[in-house]
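**Student:** Position one of the sequence shown corresponds to residue 8 (the numbering used here), numbered consecutively onward.
Using N, Cα and C, we set each Cβ at its ideal position, and we do this for glycine too.
Questions regarding the structure given below will be posed in turn.
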Amino acid sequence: MRTTEALVDARSAMEICNACRYCEGYCAVFPAMELRRTFSNGDLSYLANLCHNCRGCYYSCQYAPPHEFQINLPKTFAELRAETYEEYAWPRPLARLFHRNGLVVSLITAIGIALIMIGTMLLQSNDVLFARHQGEGAFYAVIPHNVMVALGGATFGYAIIALIMGFLNFWRDAGGKMAELKPQSLRQAFADALTLRYLGGSKGEGCAYPDEAFSNARRVYHHFMFYGFMLAFAATAVATIYDYVFGWVAPYGYFSLPVILGTLGGIGLLIGPAGLLWLKAKSDKTPAPASLMGMDVAFLVLLFMTSLTGLVLLAFRETAAMGILLAIHLGFVLSLFVVLPYSKFVHGLYRTGALLRHAMERKH
Ligand code: SF4
Ligand code: SF4
8 MRTTEALVDA RSAMEICNAC RYCEGYCAVF PAMELRRTFS NGDLSYLANL CHNCRGCYYS
68 CQYAPPHEFQ INLPKTFAEL RAETYEEYAW PRPLARLFHR NGLVVSLITA IGIALIMIGT
128 MLLQSNDVLF ARHQGEGAFY AVIPHNVMVA LGGATFGYAI IALIMGFLNF WRDAGGKMAE
188 LKPQSLRQAF ADALTLRYLG GSKGEGCAYP DEAFSNARRV YHHFMFYGFM LAFAATAVAT
248 IYDYVFGWVA PYGYFSLPVI LGTLGGIGLL IGPAGLLWLK AKSDKTPAPA SLMGMDVAFL
308 VLLFMTSLTG LVLLAFRETA AMGILLAIHL GFVLSLFVVL PYSKFVHGLY RTGALLRHAM
368 ERKH
């Protein structure tokens with residue numbers, strides 16, 4: 008059986024918490040813990056991903072440091088969550104990308120942008136790259152439609168496969184059984200995930216984040232980021248239908264559905280990551296492992312920059328700067344797709360899986 012310091016700490020903390028139970032109304036972790044007497048590695052992975060790092064238990068724990076028990080659940084679970092990202096990554100050799108993840112994500116992004124820029128410059132003469140292109144097919148005058156579809160399809164398709172495989176690894180380890188899945192469990196888990204229910208606290212007071220005072224700021228910024236991402240995804244889906252079903256070629260008008268969805272999504276992806284970065288900068292660092300800061304920051308910055316370059320491209324798409332802005336934005340988008348399975352993005356996936364597992368073992 009795999010043994011790491013984080014697993015040993017989490018097991019010991021859960022045994023103490025299971026005897027204490029002072030925090031049982033705080034979040035989903037404690038009711039799930041109370042269903043168990045012993046904790047397998049899979050149980051601990053599940054509980055770690057069920058923890059949403061609200062820090063409420065840390066600030067109210069009589070056994071928190073400097074007490075000799077050193078109970079610090081948000082920190083212990085964050086360390087264990089990071090281990091689960093590596094443990095469940097697919098394919099296995101790429102699990103190493105979670106080591107020094109901030110640096111890895113930054114390097115992949117830099118290489119992705121450089122490759123697209125160099126490729127575009129080799130593919131097109133300066134006359135085309137720096138010319139004003141307007142109307143139907145303007146983007147494809149700089150980067151051909153087939154090239155965009157091939158690059159986007161290959162990177163996004165790979166990301167989806169790697170994410171599904173990672174999720175299945177988590178699900179098996181957490182003891183989830185598809186045969187036991189009931190519609191009400193699915194409904195409950197998706198309602199909890201889509202409303203970010205637990206980030207609101209037990210009575211709507213929010214999280215003890217960025218400091219001991221409770222606040223809903225973290226929930227609000229997570230909503231901006233999550234729904235921003237979903238709107239941006241919807242914009243791409245609608246644009247694909249426009250192109251392949253109706254034969255309407257991009258770029259679309261400023262008041263067309265894909266552009267409205269993409270703009271709203273882009274704004275959400277600016278506000279959400281920027282707000283979360285701001286909260287992180289001023290947060291109490293004691294209940295957080297310093298080693299994971301790079302992973303969080305790199306992914307938030309990547310989301311922010313992908314959105315920012317998309318909105319700048321929209322604003323300047325009818326100028327001679329469009330070609331170069333398109334190449335930069337495409338570089339960010341493709342890098343984002345490549346790093347999705349090896350970045351903090353997997354947190355959303357495993358957390359939803361943990362909520363589903365929790366909904367299945369709860370009494371409805
Ligand atoms: S975190 Fe501390 S106070 Fe809360 S249940 Fe565990 S031991 Fe008790
Ligand atoms: S940090 Fe919050 S979510 Fe995590 S175990 Fe403590 S109370 Fe639960």
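Closer than 6 Å by C-beta to Ser314: which residues in its own chain qualify, once you throw out the five before and the five after it? Chain order, please.
**Tutor:** For Ser314, where only same-chain residues beyond five positions count, the Cβ hits under 6 Å are Gly273, Leu276, Leu277.
**Student:** Can you check whether the CB of Gly360 is closer than 9 Å to the CB of Gly183?
**Tutor:** Yes, Cβ-Cβ distance for Gly183 and Gly360 is below 9 Å.
**Student:** Look at Pro348 and Gly173 and say whether their C-beta atoms are less than 9 Å apart.
**Tutor:** Contact: yes.
**Student:** Is the beta carbon of Asn56 less than 9 Å from the beta carbon of Arg9?
**Tutor:** No; because the gap between Cβ atoms is not below 9 Å, this pair is not in contact.
**Student:** With DSSP collapsed to three states, give me the class of Ser350.
**Tutor:** It is coil, neither helix nor strand.
**Student:** How many Å lie between Leu101 and Ile167 at the Cα?
**Tutor:** Approximately 15 Å, taken between the alpha carbons.
**Student:** If you follow the alpha helix (DSSP H) that Cys27 is part of, which residue opens it and which one closes it?
**Tutor:** Residues 12-27.
**Student:** From Val353 to Val149, what distance separates their C-alpha atoms?
**Tutor:** When rounded, the distance between both Cα atoms is 33 Å.
**Student:** Can you look up Cys58 in the DSSP assignment and give me helix, strand or coil?
**Tutor:** Three-state DSSP puts Cys58 in coil, outside helix and strand.
**Student:** Report all residues from its chain with a CB closer than 8 Å to the CB of Tyr259; omit the five preceding and five following residues, and keep chain order.
**Tutor:** If we look at Tyr259 and ignore the five residues flanking it on each side, its Cβ neighbours are Ala246, Tyr249, Pro265, Val266.
**Student:** To the nearest angstrom, how far is it from the Cα of Pro72 to the Cα of Asn79?
**Tutor:** Those two C-alpha atoms are separated by around 7 Å.
**Student:** Counting along the chain, where does the alpha helix (DSSP H) carrying Trp285 start and finish?
**Tutor:** Where Trp285 is concerned, the enclosing alpha helix (DSSP H) stretches over 264-288.
**Student:** Checking 9 Å against the spacing of the C-beta atoms, do Thr326 and Lys82 come in under that value?
**Tutor:** Not in contact: Thr326 and Lys82 (Cβ atoms no closer than 9 Å).
**Student:** Gly317 and Gly269: beta carbons closer than 9 Å?
**Tutor:** Cβ atoms of Gly317 and Gly269: closer than 9 Å.
**Student:** Distance check for Tyr216 and His229, CA to CA, integer angstroms please.
**Tutor:** Approximately 13 Å, taken between the alpha carbons.
**Student:** In whole angstroms, what is the alpha-carbon distance linking Pro38 and Arg204?
**Tutor:** Their Cα atoms are separated by approximately 16 Å.
**Student:** When the distance is taken between beta carbons, is Gly338 closer than 9 Å to Ile123?
**Tutor:** Their beta carbons are under 9 Å apart, which means Ile123 touches Gly338 by this criterion.
**Student:** Measure the alpha-carbon distance for Met155 versus Leu193 and round it to whole angstroms.
**Tutor:** Cα to Cα, Met155 sits roughly 36 Å from Leu193.
**Student:** Just reading off the alpha helix (DSSP H) that His74 is part of, what are its end residues?
**Tutor:** Unbroken run through His74: none, as it is neither H nor E.
**Student:** Can you find the residues in the same chain that come closer than 6 Å, C-beta to C-beta, to Leu283, ignoring five residues on each side of it along the sequence?
**Tutor:** Correct list, in chain order: Tyr228, Leu307.
**Student:** Strictly by DSSP, which residues pair up with Ser222?
**Tutor:** Paired residue(s): Cys214.
**Student:** Quick one: does the C-beta of Ser67 sit closer than 8 Å to a heavy atom of ligand 1?
**Tutor:** Correct: Ser67 has its Cβ closer than 8 Å to ligand 1.
**Student:** Start and end of the alpha helix (DSSP H) containing Arg99?
**Tutor:** From DSSP, Arg99 is part of no alpha helix (DSSP H); its letter is neither H nor E.
**Student:** Please report the Cβ distance between Ser52 and Asp180, rounded to the nearest whole angstrom; I am assuming they are in contact, meaning their Cβ atoms lie under 8 Å.
**Tutor:** Contact flag correct, Cβ pair sits at about 6 Å.
**Student:** Kindly provide the ranges of any alpha helix (DSSP H) runs that are 4 or more residues long and lie completely inside the segment 95-178, ordered along the chain.
**Tutor:** List check, alpha helix (DSSP H) in window: 108-130, 133-136, 145-149.
**Student:** In three-state terms, what does DSSP make of Lys82?
**Tutor:** Helix at Lys82.
**Student:** Taking all protein chains shown into account, decide if Met185 is buried (16 or more other Cβ within 10 angstroms of its Cβ) or exposed.
**Tutor:** With fewer than 16 Cβ atoms within 10 Å of its Cβ, Met185 is classed as exposed.
**Student:** Return helix, strand or coil for Val319, following the three-state DSSP convention.
**Tutor:** Val319 falls in the helix class under three-state DSSP.
**Student:** Looking only at its chain, what residues have a beta carbon closer than 6 Å to the beta carbon of Glu212, apart from the 5 residues adjacent to it on each side?
**Tutor:** Within the same chain, Glu212 has close Cβ partners Phe221.
**Student:** Which residue comes first and which comes last in the alpha helix (DSSP H) that contains Leu203?
**Tutor:** Taken as a continuous stretch (DSSP letters only), Leu203 belongs to no alpha helix (DSSP H), as it is neither H nor E.
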